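**Q** Before anything else, here's the structure in question.
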Amino acid sequence: MRLEIEPRRSVSPVLFYATPLLAVVLTVASGYVLFLALGLDPSRTLYHFLVAPLLTGFGLAELCLKAGPLVLIATGLALGFRANVWNIGAEGQLIAGAICSGGVALAFWNESGWWILPLMTLAGALGGMAYAAIPAFLKTRFDVNEILSSLMLTYIATLILSILVFGPWRDPDGLNFPESRLFSESAQLPLLIEGTRLHPGILVALGAALLAWILSARTMTGFRLDVSGQAPEAARFAGFSRNHTIWMTLLAGGGLAGLAGCFEIAGPIGQLLPQISPGYGFTAIIVAFLGRLHPLGIIAAGFLVALSYNGGEIAQVQDQLPAAAVGVFQGMLLFYLLACDFLSRFHIRLRRAPASAEKRS
Amino acid sequence: MSKIEVAQPPRLAVRNISKRFQAVQANDRIGFEVAPGQIHALLGENGAGKSTIVKIIYGILQPDEGEILWNGRLVRIDSPRAARALGIGMVFQHFSLFEAMTVAENIALGLNQSGGMKALSRRIAELSASYGLALDPDRDIHTLSVGERQRVEIVRCLLQDPRLLIMDEPTSVLTPQETRQLFETLRRLAAEGCSILYISHKLYELQELCQHATILRGGRVVGSCDPAKESAQSMAQLMIGGVPATASRQRNEAVGAPRLVVSGLNLPADQPFGVTLKDVGFTLAAGEILGIAGVSGNGQDELMAALSGERLLPDASRIQFDGQPVGKLDFEQRRAQGLYAVPEKRDGCTAVLGMSLAANTLLSARGGMALSKHGLLRKSKAMAFARRIIDAYGVKADGPQAAAGTLSGGNLQKFVVGRDILQNPKALIIAQPTWGVDAGAAAAIHQALFDLARRGAGIVVISQDLDELLALSDRLMVIHLGRLTPPMPTSDVSAEAIGLLMGGAADAKGQTHAA
Chain A
153 MRLEIEPRRS VSPVLFYATP LLAVVLTVAS GYVLFLALGL DPSRTLYHFL
203 VAPLLTGFGL AELCLKAGPL VLIATGLALG FRANVWNIGA EGQLIAGAIC
253 SGGVALAFWN ESGWWILPLM TLAGALGGMA YAAIPAFLKT RFDVNEILSS
303 LMLTYIATLI LSILVFGPWR DPDGLNFPES RLFSESAQLP LLIEGTRLHP
353 GILVALGAAL LAWILSARTM TGFRLDVSGQ APEAARFAGF SRNHTIWMTL
403 LAGGGLAGLA GCFEIAGPIG QLLPQISPGY GFTAIIVAFL GRLHPLGIIA
453 AGFLVALSYN GGEIAQVQDQ LPAAAVGVFQ GMLLFYLLAC DFLSRFHIRL
503 RRAPASAEKR S
Chain B
-1 MSKIEVAQPP RLAVRNISKR FQAVQANDRI GFEVAPGQIH ALLGENGAGK
49 STIVKIIYGI LQPDEGEILW NGRLVRIDSP RAARALGIGM VFQHFSLFEA
99 MTVAENIALG LNQSGGMKAL SRRIAELSAS YGLALDPDRD IHTLSVGERQ
149 RVEIVRCLLQ DPRLLIMDEP TSVLTPQETR QLFETLRRLA AEGCSILYIS
199 HKLYELQELC QHATILRGGR VVGSCDPAKE SAQSMAQLMI GGVPATASRQ
249 RNEAVGAPRL VVSGLNLPAD QPFGVTLKDV GFTLAAGEIL GIAGVSGNGQ
299 DELMAALSGE RLLPDASRIQ FDGQPVGKLD FEQRRAQGLY AVPEKRDGCT
349 AVLGMSLAAN TLLSARGGMA LSKHGLLRKS KAMAFARRII DAYGVKADGP
399 QAAAGTLSGG NLQKFVVGRD ILQNPKALII AQPTWGVDAG AAAAIHQALF
449 DLARRGAGIV VISQDLDELL ALSDRLMVIH LGRLTPPMPT SDVSAEAIGL
499 LMGGAADAKG QTHAA
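Given below as structure tokens:
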């Protein structure tokens, strides 16, 4: 017997759109078994995991708060991934953006004015771009693999942030805690809805995804990215410079990640801390691929992943679900999504081994 | 069944073999027999199913239906290893050799048995000498010519003592002289009892070499004959299923003004085992078709890269187009000047297989046909242009929205060539314009090139197919080890003379030809 994987002749459109739903159903079924085995009430836990976060206005606001940076970063990364530019260092670019915009906020900590927030936003985007420019330069000039350089720069960014908040930017009145001053009112994002933590970052994220959609569907730039990704030689034949594509996509990805960093510290955090992101830059890579690198898919994937994170927290608190089980549940969701996606495009056949030439004399 | 057949069953018999790839019925109940010691031709156009049936015989593909008999016994060949164990050897069109290793090392890699390298080298030397296939076991592959590399592949098969040798279009990379040498080797093998299955679409070769031919068209056997007793015309009709189309043209007597002037072009190889271009120079006139012949791997790719804009030159003035230096311009910038280039590779270079034909027009026609404005795509214009190409060149496709990958090689080539010709280039550089294309499509492409030249464009055709070059060009040059011969009027040269130049006769004491 032998297993063979063959591409399907055609992918039915129903199957294509039904796979994410099927994946959710399978995850729920497996989760049921998992929670039962842990001695919990499975329906209650699943309810806390998947439904509870959606039932209150506060829950929905928290969902948007979490989805915002994921969508924003994933949108930028997807531009590069479509063109075979593998920026894995969005987390570092996010931190670089946060450092730059945080620097602005701290420089004007005892001033007020409408111009501080726009200046911070600009500094955040430029900081992320500047940080992404390093792998772009190394790649175009010395052909250094951008996967390695962008990833390793993430650890450097984390350490720079630590140096700053442990050293020069530490709050002088902060009892030696490694934290910066709290930002002034003028350096904090306004709230979209009173009583929640929701800030306009989610709107920027949705707007960016929309722009990316227009870019990919309607412009020569979008075409250029697709050609570069699918057939690098054809891109050269078309006269699309590879270096130009690398710079463009890394700067876009870095800029949006930097912007996300700025929104985090000017929004829910309100100061610089040694750790400002729960790994948004890395999770966004998953979001980008779950969304099939399509801006609308990325929005849906961003919210789904945000739901699994927020739901996981509720289930931990309400049902004493172990943190490891939360990870398993989230992992199952990804696993089923990828598996269903694969099986919608390929099918597996079991073939009987032929009576072969080995029996020959 | 006659008594003779009982006494000696055919070495190979295939019966009712069918194989389907998605929408394409590649083989439809194919059957034929190869006698011991017979040189048997499989004749057919590209896409007729020749490659599929031999891949089935060699165990690379499994048939959906049908059976294979080896020496009269039913066998199941589920891998190339099983095929080799039976005694079937195959020499592919594209070689699988490691450039940086020696002949003996490459051969050792393909052998199942173990044994000392010294013993192997000795066997290689003996075997190659006894079949007139001069080969030094200790030479590195990258120093060998294409013809010599083919010998390595043949010797690799012969070491397994094959009873059936499959040769897939072996002469497409050889000079006429090398071809003759190969035929002698094959005749000796056959005389010793090894059957040979010879795949080709060159009719005169079959008439010279083969005792029997099976003709395929559209995945079916449409006839079988003794090629020596048939006329080339009648075999061509069977193969194509109609009267072969030919392109016609009145040659330009008056040569126009110089369009493209290349002078003193030296370009070091940009990759290991690449070819360095040495002092390349020629002048292409308006209305002229200039052919460049040569055995593959003698600098054609490098020359194409320099002329097209794939590689930029340190000195822009080495290539002048209408008096302007263009050596530092990329593909698109050269197109803007009117200088178009169509490299040989379709898959992923001149076409993106996963995209629609309409999207593929954007690759090289967005400037010439104004398919974008202010960075926005003009999709309906691209659709209309794709439809125009399809109509003008009879491209068989499901409309402009069909993915390029769904077209056959010949139709995609017509589309790719048509896309550039319809933009009325002032000069066109084209490599292997009819590579892997059937006779009808080839004639259509040749006609399109003739018409373009008549309208005053200069055309450079780089091809390994000498027949094609003799039919197309006004003047011919030969490239060998990165050097170009001066152009010769095609009417004054013989295929024989060009063949010698392809083998390096123009170089001091033709070292490649010494073998």
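Residue numbers (my numbering), protein chains in the order written: chain A, 153 to 513; chain B, -1 to 513.
All C-beta atoms in this analysis are idealised placements derived from N, C-alpha and C, irrespective of residue type, glycine included.
Bear in mind that the values here come from a model prediction, so they are computed numbers and not experimental data.
Assuming residue 514/B and residue 479/B make a contact with CB atoms under 8 Å, what is their CB distance in whole Å?
**A** Nothing about residue 514/B can be read from this structure; chain B reaches only from -1 to 513.
**Q** Bridge partners of residue 66/B, per DSSP?
**A** As a first step, residue 66/B must be located in the second sequence, where it is residue number 68. DSSP output for residue 66/B lists 12/B and 73/B as bridge partner(s).
**Q** List, in order along the chain, the chain A residues whose C-beta lies closer than 8 Å to that of residue 383/B?
**A** Indexing the second sequence from 1 puts residue 383/B at position 385. Under the 8 Å cutoff, chain A gives no residues; its nearest Cβ is about 15 Å from residue 383/B.
**Q** Which residue wins for smallest C-alpha separation from residue 260/B, given the options 375/B, 321/B, 125/B and 285/B?
**A** Against the second sequence, residue 260/B aligns to sequence position 262. Comparing Cα positions, the closest option is 321/B.
**Q** What is the rounded straight-line gap between the Cα of residue 494/A and the Cα of residue 393/A?
**A** Along the first sequence, one-based indexing puts residue 494/A at 342. Along the first sequence, one-based indexing puts residue 393/A at 241. Taking the straight line from one Cα to the other gives about 33 Å.
**Q** Give the residues of chain B in contact with residue 382/A, contact being defined as C-beta atoms less than 9 Å apart.
**A** For the purposes of this step, residue 382/A is taken as residue 230 along the first sequence, with counting starting at 1. Identification of chain B residues near residue 382/A by a Cβ-Cβ cut-off of 9 Å yields 346, 350, 351, 352 and 353, ordered along the chain.
**Q** Would you say residue 385/A faces chain B, with C-beta separation under 9 Å as the test?
**A** Locating residue 385/A in the first sequence gives position 233, counting from the first residue. For residue 385/A, the answer is yes, since a Cβ of chain B falls inside 9 Å of its Cβ.
**Q** Starting from the beta carbon of residue 230/A, find every residue of chain B whose beta carbon is closer than 8 Å, and list them in chain order.
**A** As a first step, residue 230/A must be located in the first sequence, where it is residue number 78. Against residue 230/A, chain B offers no close residue; the least beta-carbon distance is about 17 Å (beta-carbon pairs closer than 8 Å).
**Q** Could you name the residues of chain B that residue 379/A contacts, counting a contact when the two beta carbons are closer than 9 Å?
**A** In the first sequence, counting from the first residue as 1, residue 379/A sits at position 227. For residue 379/A, the chain B residues whose C-beta falls within less than 9 Å of its own C-beta are 350, 353, 357, 360 and 361, listed in chain order.
**Q** So, is the C-beta of residue 329/B closer than 9 Å to a C-beta in chain A?
**A** Numbered from its first residue, the second sequence carries residue 329/B at position 331. It does: the Cβ of residue 329/B has a partner Cβ on chain A nearer than 9 Å.
**Q** Which stretch, first to last residue, makes up the alpha helix (DSSP H) that contains residue 118/B?
**A** Numbered from 1 along the second sequence, position 120 holds the residue referred to as residue 118/B. Its alpha helix (DSSP H) spans residues 115 to 128.
**Q** How would you write the range of the alpha helix (DSSP H) that residue 286/B sits in, first residue to last?
**A** As a working mapping, residue 286/B is identified with position 288 in the second sequence. Segment: none, residue 286/B is in no alpha helix (DSSP H) and carries neither H nor E.
**Q** Three-state secondary structure (DSSP) at residue 384/A?
**A** Your numbering for residue 384/A matches position 232 in the first sequence. In the structure shown, residue 384/A sits in a helix (DSSP, three-state: H, G or I).
**Q** Which of the three DSSP states is assigned to residue 404/B in this structure?
**A** Start at 1 with the first residue of the second sequence, and residue 404/B comes out as number 406. Looking at residue 404/B - three-state DSSP - the assignment turns out to be helix.
**Q** Does residue 256/A come within less than 9 Å of chain B when only Cβ atoms are used?
**A** Reading the first sequence from its first residue, position 104 is the one you call residue 256/A. No, residue 256/A does not count as interfacial toward chain B.
**Q** Per the contact definition of three or more C-beta pairs closer than 8 Å, is the segment 395 to 406 of chain A in contact with the segment 357 to 368 of chain B?
**A** The segment 357 to 368 of chain B and the segment 395 to 406 of chain A do not touch, with fewer than 3 CB-CB distances between them shorter than 8 Å.
**Q** Roughly how many angstroms lie between the CA atoms of residue 138/B and residue 159/B, to the nearest whole one?
**A** Stepping through the second sequence from its first residue, residue 138/B is reached at position 140. Stepping through the second sequence from its first residue, residue 159/B is reached at position 161. Distance between the alpha carbons of residue 138/B and residue 159/B: 24 Å.
**Q** Quick one: does residue 371/A have its CB under 9 Å from some CB of chain B?
**A** To locate residue 371/A, count along the first sequence from 1; it is residue 219. For residue 371/A, the answer is yes, since a Cβ of chain B falls inside 9 Å of its Cβ.
**Q** When you compare each of 106/B, 117/B, 472/B and 386/B to residue 285/B by their alpha carbons, which one comes out closest?
**A** Taking the second sequence and counting its residues from 1, the one referred to as residue 285/B is at position 287. Answer by Cα proximity: 472/B.
**Q** Evaluate contact between the segment 328 to 342 of chain A and the segment 406 to 420 of chain A, counting only Cβ atoms and requiring at least three cross-stretch pairs below 8 Å.
**A** The answer is yes - the segment 406 to 420 of chain A touches the segment 328 to 342 of chain A, with three or more Cβ pairs under 8 Å.
**Q** Which chain A residues sit within Cβ distance under 8 Å of residue 63/B?
**A** In the second sequence, residue 63/B corresponds to position 65, counting from 1. Result: empty, since nearest Cβ-Cβ is about 13 Å, beyond 8 Å.
**Q** Pick out the complete alpha helix (DSSP H) segments inside the segment 318 to 374 of chain A, 4 residues or longer, and give them in chain order.
**A** 353 to 370
**Q** Find the nearest neighbour of residue 323/A within the set 258/A, 212/A and 486/A, judged by alpha-carbon distance.
**A** As a first step, residue 323/A must be located in the first sequence, where it is residue number 171. Nearest of 258/A, 212/A and 486/A to residue 323/A, Cα basis: 258/A.
**Q** Count the other CB atoms, across all protein chains shown, that sit within 10 Å of the CB of residue 338/B; report buried if there are 16 or more and exposed otherwise.
**A** The sequence position of residue 338/B within the second sequence is 340, counting from 1. So residue 338/B ends up on the buried side.
**Q** Taking the C-alpha atoms as reference points, what is the distance between residue 82/B and residue 165/B?
**A** Counting from 1 along the second sequence, the entry for residue 82/B is found at position 84. Counting from 1 along the second sequence, the entry for residue 165/B is found at position 167. Straight-line Cα distance between these residues: approximately 14 Å.
**Q** Along the chain, where does the alpha helix (DSSP H) containing residue 380/B start, and where does it finish?
**A** Position 382 of the second sequence, counted from the start, is the residue given in the question as residue 380/B. Note, residue 380/B: alpha helix (DSSP H), 377 to 391.
**Q** Okay, do the segment 206 to 219 of chain B and the segment 231 to 245 of chain B touch, 3+ Cβ pairs below 8 Å being the bar?
**A** Yes, the segment 206 to 219 of chain B touches the segment 231 to 245 of chain B.
**Q** Return yes when the Cβ of residue 355/B is within less than 9 Å of the Cβ of residue 420/B, no when it is not.
**A** Numbered from its first residue, the second sequence carries residue 420/B at position 422. Numbered from its first residue, the second sequence carries residue 355/B at position 357. No, the pair does not count as a contact, with Cβ atoms beyond the cut-off.
**Q** If you check the beta carbons only, do residue 207/B and residue 151/B fall under 9 Å apart?
**A** Taking the second sequence and counting its residues from 1, one reaches residue 207/B at position 209. Taking the second sequence and counting its residues from 1, one reaches residue 151/B at position 153. Contact: no.
**Q** Do residue 249/A and residue 306/A have their beta-carbon atoms positioned less than 9 Å apart in this structure?
**A** Taking the first residue of the first sequence as position 1, residue 306/A is located at position 154. Taking the first residue of the first sequence as position 1, residue 249/A is located at position 97. No, the pair does not count as a contact, with Cβ atoms beyond the cut-off.
**Q** What do you reckon, are the CB atoms on residue 153/B and residue 197/B nearer than 9 Å?
**A** Counted from its first residue, the second sequence places residue 153/B at position 155. Counted from its first residue, the second sequence places residue 197/B at position 199. Contact: no.
**Q** Listing by chain order, which chain A residues have their CB less than 8 Å from the CB of residue 374/B?
**A** Reading the second sequence from its first residue, position 376 is the one you call residue 374/B. Near residue 374/B (Cβ distances below 8 Å), the residues of chain A are 370, 371 and 372.
**Q** Give the DSSP bridge partners of residue 514/B, in chain order.
**A** For residue 514/B there is no data in the structure shown, the boundaries of chain B being -1 and 513.
**Q** Can you pull the chain A residues whose beta carbon is under 8 Å from the beta carbon of residue 379/B, in chain order?
**A** Taking the first residue of the second sequence as 1, we reach residue 379/B at position 381. Result: empty, since nearest Cβ-Cβ is about 13 Å, beyond 8 Å.
**Q** Using only CA atoms, which one of 225/A, 271/A, 236/A and 220/A lies nearest to residue 384/A?
**A** If you number the first sequence from 1, residue 384/A lands on position 232. For residue 384/A, the nearest C-alpha among the options comes from 236/A.
**Q** Taking 9 Å as the CB-CB cut-off, is residue 390/A touching chain B?
**A** Indexing the first sequence from 1 puts residue 390/A at position 238. By this cut-off, residue 390/A is an interface position.
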